[in-house]
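Residue numbers (this note's numbering), protein chains in the order written: chain E, 1 to 197; chain S, 1001 to 1197.
The beta carbon of each residue, even a glycine, is placed where N, CA and C say it ideally should be.
There are 2 protein chains.
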Amino acid sequence: MARIKTEKNISRKDVIVTKAAALFREKGFKAASMRDLAEAVGVEAASLYNHIKSKTELLHELCFGVANRFMHKIDEIEAEKGNDIEKVEKLLRFHINEMIHHYEEVYVSDREWKHLADPYLSNFQNQRRIYRKRFAAIIENGIRNKEIKNIDAPTAVLIILHAISGIESWHRSTQKISAEALEENMITILVGGLINR
Amino acid sequence: MARIKTEKNISRKDVIVTKAAALFREKGFKAASMRDLAEAVGVEAASLYNHIKSKTELLHELCFGVANRFMHKIDEIEAEKGNDIEKVEKLLRFHINEMIHHYEEVYVSDREWKHLADPYLSNFQNQRRIYRKRFAAIIENGIRNKEIKNIDAPTAVLIILHAISGIESWHRSTQKISAEALEENMITILVGGLINR
DNA sequence: AATGTTTGCTAACACGCGTTAGCATATTAT
DNA sequence: ATAATATGCTAACGCGTGTTAGCAAACATT
């Protein structure tokens, strides 16, 4: 009888959620079946339901897990003292590193949230909207005190966030530059594009 | 008996493909059903098959239609004489305008190509790879003659292309700045991030 | 008006999906 | 050792999917 292997402090549910992230990233939420997931986990499809409530629950876990991490980070950064352009850079570096080291979850949260069901869907969209406004507010502050070019802040946010999601291509490319080099290149181009000199 | 309305020079197939673009954009390729599409077109699902071969054919049409337009544009731009940074800017503006005015098709081509079946899938991936290499080559040229900062060209391409796909968010936002303002803001940030001064 | 073609409809198919029920086997606690 | 719990299996369900067959209505051509 097959059994889901776990290590200390990692529940079987965690194993499933992690495998789900990889699968949803690869095939998309709708195209990934519970039978696919079961195979990846090494178990029959029905057995998954001893640990999870539904397929959508997996998506909730992933989306809100990621969203919470970003929310906490922006709390932290807003509370800091310092230049606004530095705050933007810090947030940027956080995004980049999340995308590098928690690729699958972040990617899924970014691309597949549409398939959330409706109490969760609205909640997620709200969080997203608020997050972007707070991000834009930092940039607007930077514009006001001339650290940042006079640009439309929401547009800047949109460029930044989507540019970062391009790290997906880096993950899939065969000839990768190092993660550090990737981070510095992105900072050079994006901060360089914002900064006022 | 319902009938698909057509105007001059627009085949019924074209009508279906266009509606499919909107639907695939909204729900995703897998989640959009042929019955959904039929309803959007104003006809029964089975009737669609008088005009198209399969659901996947719709995806082919969309993906390769978009891919061809970009290929022709880069042909054109490569053939021109002039600064490399200007070429980059022209290509950028083309991308931006495609994303603004042919939103649904471009978006679908960008996000849903994974669901192509395999002779087409490989073909599409190849075209994509080649396109990005040619784009990177222009940037590398610009770096060599000091027009552009010394950055990793493939990373720059990845940032640019994904940043542009952020126009999706602009389309969905309620308080849109004008298309022209959007274009100029994006150019300011992205070209500003690349240029060497 | 008669003919051939295009377009649409209803009905149905085979298939894969998420999920549940009921039972068997491990693991853990007493 | 025994009881209780956690985990897995097989079988099956209802449902929505893409697609086809066969026939009817609309249109185009003569």
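Check whether chain S comes within 8 Å of residue i, counting only Cβ atoms and requiring the distance to be less than that.
| i | result |
| --- | --- |
| Asp152(E) | yes |
| Asn141(E) | no |
| His162(E) | yes |
| Ala31(E) | yes |
| His115(E) | yes |
| Thr6(E) | no |
| Ser165(E) | yes |
| Ala181(E) | yes |
| Thr174(E) | no |
| Ser169(E) | yes |
| Thr18(E) | no |
| Lys149(E) | yes |
Taking C-alpha atoms, which residue in the options lies nearest to residue i?
| i | options | result |
| --- | --- | --- |
| Glu112(E) | Ile16(E), Lys8(E), Ala2(E) and Leu23(E) | Leu23(E) |
| Ile52(E) | Asp152(E), Ser165(E), Tyr120(E) and Met34(E) | Met34(E) |
| His1115(S) | Thr1056(S), Glu1184(S) and Ile1148(S) | Thr1056(S) |
| Lys1146(S) | Lys1030(S), Ala1153(S), Thr1188(S) and Ile1195(S) | Ile1195(S) |
| Leu198(E) | Leu92(E), Ala20(E), Lys8(E) and Lys81(E) | No information on residue 198(E) is available, as it lies outside the stretch 1 to 197 that chain E covers here. |
| Lys13(E) | Leu48(E), Met186(E), Ala32(E) and Arg197(E) | Leu48(E) |
| Glu168(E) | Glu1184(S), Val1066(S) and Asp1110(S) | Asp1110(S) |
| Ala117(E) | Val41(E), Ala31(E) and Ser54(E) | Ser54(E) |
| Asn50(E) | Arg197(E), Phe29(E), Ser122(E) and Ser11(E) | Ser11(E) |
| Gly65(E) | Ile151(E), Ala38(E), Ile130(E) and Val17(E) | Val17(E) |
| Arg25(E) | His102(E), Ile148(E), Glu180(E) and Lys81(E) | His102(E) |
| Leu59(E) | Arg128(E), Lys30(E) and Lys149(E) | Lys30(E) |
| Glu180(E) | Asn97(E), Lys8(E), Ile151(E) and His162(E) | Asn97(E) |
| Ile187(E) | Thr174(E), Arg144(E), Lys90(E) and Arg129(E) | Lys90(E) |
| Ser173(E) | Leu1161(S), Arg1197(S) and Arg1129(S) | Arg1129(S) |
Please tell me whether residue i has its Cβ less than 8 Å away from any Cβ of chain E.
| i | result |
| --- | --- |
| Leu1158(S) | yes |
| Asn1123(S) | no |
| Gly1192(S) | yes |
| Asn1185(S) | yes |
| Ile1189(S) | yes |
| Ile1177(S) | yes |
| Ser1054(S) | no |
| Lys1146(S) | no |
| Gly1065(S) | no |
| Gly1028(S) | yes |
Check whether the Cβ of residue i lies closer than 7 Å to any heavy atom of the ligand ZN, and answer yes or no.
| i | result |
| --- | --- |
| Arg1134(S) | The ligand ZN is absent from the structure shown, which contains no ligand whatsoever. |
Using a Cβ-Cβ cutoff of less than 7 Å, which residues in the same chain neighbour residue i once the five nearest sequence positions on both sides are dropped?
| i | result |
| --- | --- |
| Val43(E) | Ala2 and Ile4 |
| Ala156(E) | Ile139 and Leu194 |
| Lys1176(S) | Trp1170 |
| Ala32(E) | Leu23 and Phe24 |
Would you mind giving the Cβ-Cβ distance between residue i and residue j, rounded to the nearest angstrom? I have them listed as a contact below 8 Å.
| i | j | result |
| --- | --- | --- |
| Val1106(S) | Met1099(S) | 5 Å |
| Gly142(E) | Asp84(E) | 3 Å |
| Ile159(E) | Ile1189(S) | 6 Å |
| Tyr1131(S) | Met1071(S) | 7 Å |
| Ala1079(S) | Gln1127(S) | Not confirmed; about 19 Å, so no contact. |
| Gly1192(S) | Lys149(E) | 7 Å |
Near residue i, what residues of its chain come up, given a Cβ to Cβ distance below 6 Å and the 5 sequence neighbours on each side ignored?
| i | result |
| --- | --- |
| His1095(S) | Ile1164 |
| Gln125(E) | none |
| Arg1134(S) | Ile1074 |
| Cys63(E) | Ser109, Trp113 and Phe124 |
| Glu1061(S) | Val1017 |
| Lys1087(S) | Ile1077 and Ile1138 |
| Glu104(E) | Ala21, Ala22 and Arg25 |
By Cβ distance, which residues of its chain are closer than 8 Å to residue i, with the 5 residues on each side in sequence left out?
| i | result |
| --- | --- |
| Asp1036(S) | Leu1023 and Lys1027 |
| Val41(E) | Ile4, Val15, Ile16, Lys19 and Leu48 |
| Ala136(E) | Ala153, Pro154, Ala156 and Val157 |
**Study point:** Uninterrupted beta strand (DSSP E) stretches inside the region 37-94 of chain E (no shorter than 3 residues)
**Key:** The qualifying runs do not exist here; there are none.
Point to revise | Secondary structure, alpha helix (DSSP H): runs of 4+ residues fully inside the region 1098-1183 of chain S | key: 1103-1112, 1118-1144, 1153-1165 and 1167-1172
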